[in-house]
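*Asks:*
In the working numbering, the protein residues as written are 413 to 736.
(1) Determine the closest residue to residue 598 out of 437, 482 and 415, with distance taken between C-alpha atoms.
(2) Check whether the Cβ atoms of residue 501 and residue 531 sit closer than 8 Å, and answer yes or no.
(3) Using the C-alpha atoms, what's the distance from residue 613 back to residue 668?
(4) Helix or strand or just coil, what does DSSP make of residue 576?
(5) Looking at the secondary structure, which residues open and close the beta strand (DSSP E) in which residue 540 lies?
(6) Quick check on DSSP: helix, strand or coil for residue 681?
(7) In the DSSP assignment, what residue or residues form a beta bridge with residue 697?
(8) Considering only residues of the same chain and omitting the five flanking positions on each side of residue 714, which have a CB-CB separation below 6 Å?
(9) Can you check the stretch 455-511 for any alpha helix (DSSP H) of at least 4 residues that lies completely inside it and give the ranges in chain order?
(10) Taking the C-alpha atoms as reference points, what is the distance between residue 701 and residue 627?
(11) Less than 7 Å between C-beta atoms, sequence neighbours within five positions excluded: which residues of the same chain meet that for residue 489?
(12) I'd like to know if the stretch 539-548 and the stretch 421-438 are in contact, where contact means that at least 3 CB-CB pairs between them fall below 8 Å.
(13) If we count the other Cβ atoms within 10 Å of its Cβ and call it buried at 16 or more, is residue 734 buried or exposed?
(14) I need the boundaries of the alpha helix (DSSP H) containing residue 728, first residue and last residue.
(15) Check for me: the alpha helix (DSSP H) holding residue 652 runs from which residue to which?
(16) Helix, strand or coil: how does DSSP classify residue 417 here?
(17) Cα-Cα, which of 564, 457, 462 and 672 is closest to residue 440?
(18) Quick check on residue 485: buried or exposed, where buried means 16 or more other Cβ atoms within 10 Å of its Cβ?
(19) State the Cα-Cα distance for the pair residue 685 and residue 499, rounded to the nearest angstrom.
(20) Does the stretch 579-592 come within contact of the stretch 474-481, defined as at least 3 CB pairs closer than 8 Å?
(21) What separation, rounded to the nearest whole angstrom, lies between the Cα atoms of residue 546 and residue 571?
Okay, here's the thing in structure tokens:
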């Protein structure tokens with residue numbers, strides 16, 4: 413019996429969230445006495461497959477078909493369903509991203525099996541499974557007892573740290589060609605927008621966030637300067653994008669990007685739950701706010717109570733002074 417990890421990638425480069433899913437799957441496979449296998453789909457799948465032996469995959473299924481060139485949840489879901497049936501996988505897991513949750517939901521519907529999303533832990537329990545999952549954006553942990561012919565789960569983003577196996581697995585590459593009908597092409601990628609900046613919200617070591625307290629689009633200038641000095645990028649709250657001050661691509665939160673930088677500087681951000689969901693994985697948080705009782709101040713490891721329009725220029729000045 414085996415555990416199958418659905419690995420997302422961008423034209424051959426494995427997604428960070430998939431590396432987390434592989435680490436999670438490797439631990440679960442050990443505790444459940446299963447072999448861990450992986451499946452990669454789409455353009456560049458062969459390149460992505462090369463790295464999976466180091467993460468503990470004994471077999472890497474490379475799925476290819478004309479409908480799998482780019483992401484399509486219906487076609488991907490049917491592909492994984494056929495692979496589960498042919499391989500006899502007992503557990504299927506993916507990263508708890510929009511893509512991962514959508515694909516596994518399609519698999520669950522096709523197999524007529526329950527699906528548990530955004531899990532922090534999954535343990536075998538005398539023929540059943542004991543699962544802890546994240547609910548309400550991280551404000552609630554729910555314990556679940558699951559009985560299923562095929563266990564279908566996704567791993568909560570940032571629930572585990574990516575890591576390689578203590579010793580590489582065989583990583584045998586197996587070609588898999590599913591039988592797909594053109595009717596599965598309901599959802600297709602029509603276009604891609606290429607970002608020219610090298611560092612993004614999801615990869616930046618430092619994020620300087622601004623909220624409603626920044627006051628205007630023009631007032632983000634000092635935040636941009638500070639982010640540049642620290643080798644980071646600027647993020648923002650939903651209130652900022654709603655006001656049209658920054659594009660949605662800069663939004664941190666449940667409906668934006670979930671970040672995990674070394675440092676998150678939250679300036680003029682009250683700390684609503686949907687924003688906190690996107691920022692909670694940051695290793696260190698500095699809140700700058702005039703309100704000492706703001707939610708973000710309470711949750712941050714460090715706080716400066718003051719006007720961000722005075723505090724941020726002072727930080728910039730001190731950085732420049734120390735650098736000479």
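Yeah, the Cβ is synthetic: ideal placement off N, Cα and C, and Gly gets one too.
None of these values were measured; they are calculated from a predicted model.
*Replies:* In short:
(1) As a first step, residue 598 is located in the chain shown; it is residue number 186 there, counting from the start. For residue 598, the closest of 437, 482 and 415 by C-alpha to C-alpha distance is 482.
(2) As a working mapping, residue 501 is identified with position 89 in the chain shown. As a working mapping, residue 531 is identified with position 119 in the chain shown. Not a contact, by the Cβ cut-off of 8 Å.
(3) Taking the chain shown and counting its residues from 1, one reaches residue 668 at position 256. Taking the chain shown and counting its residues from 1, one reaches residue 613 at position 201. Here the C-alpha atom of residue 668 lies approximately 10 Å from the C-alpha atom of residue 613.
(4) Position 164 of the chain shown holds residue 576. Residue 576: coil per DSSP, three-state reduction.
(5) Counting from one through the chain shown, the residue named residue 540 turns up at place 128. For residue 540, the uninterrupted beta strand (DSSP E) run begins and ends at 540-547, by DSSP.
(6) By one-based count along the chain shown, residue 681 stands at place 269. Coil at residue 681, not helix or strand.
(7) Mapped onto the chain shown, residue 697 falls at position 285. DSSP, once it has assigned bridges, lists 676 as partnering residue 697.
(8) Working through the chain shown from its first residue, we reach residue 714 at position 302. Apart from sequence neighbours up to five positions away, the residues of its chain that approach residue 714 with a beta-carbon distance below 6 Å are 698, ordered along the chain.
(9) Those alpha helix (DSSP H) runs which fall completely within the stretch 455-511 and span 4+ residues are 457-461 and 485-499.
(10) For the purposes of this step, residue 701 is taken as the residue at position 289 of the chain shown. For the purposes of this step, residue 627 is taken as the residue at position 215 of the chain shown. Cα to Cα, residue 701 sits roughly 13 Å from residue 627.
(11) If you number the chain shown from 1, residue 489 lands on position 77. Correct list, in chain order: 515, 518, 519 and 522.
(12) Not touching, per the Cβ criterion.
(13) Indexing the chain shown from 1 puts residue 734 at position 322. By the Cβ neighbour-count rule, residue 734 is exposed, with fewer than 16 other Cβ atoms within 10 Å of its own.
(14) Against the chain shown, residue 728 aligns to sequence position 316. Annotation: the continuous alpha helix (DSSP H) that includes residue 728 extends over 720-735.
(15) The residue you call residue 652 lines up with position 240 of the chain shown. Counting along the chain, the alpha helix (DSSP H) containing residue 652 begins and ends at 650-654.
(16) Against the chain shown, residue 417 aligns to sequence position 5. Of the three classes helix, strand and coil, the one that applies to residue 417 here is strand, per DSSP.
(17) Locating residue 440 in the chain shown gives position 28, where the first residue counts as 1. Nearest C-alpha to residue 440: 564.
(18) On the chain shown, position 73 is the one that residue 485 refers to. Counting Cβ neighbours within 10 Å, residue 485 comes out buried, since at least 16 surround it.
(19) For the purposes of this step, residue 685 is identified with residue 273 of the chain shown, where counting begins at 1. For the purposes of this step, residue 499 is identified with residue 87 of the chain shown, where counting begins at 1. Near 41 Å, if we compare the C-alpha coordinates of residue 499 and residue 685.
(20) Touching, per the Cβ criterion.
(21) Taking the first residue of the chain shown as position 1, residue 546 is located at position 134. Taking the first residue of the chain shown as position 1, residue 571 is located at position 159. Here the alpha carbon of residue 546 sits roughly 9 Å from the alpha carbon of residue 571.
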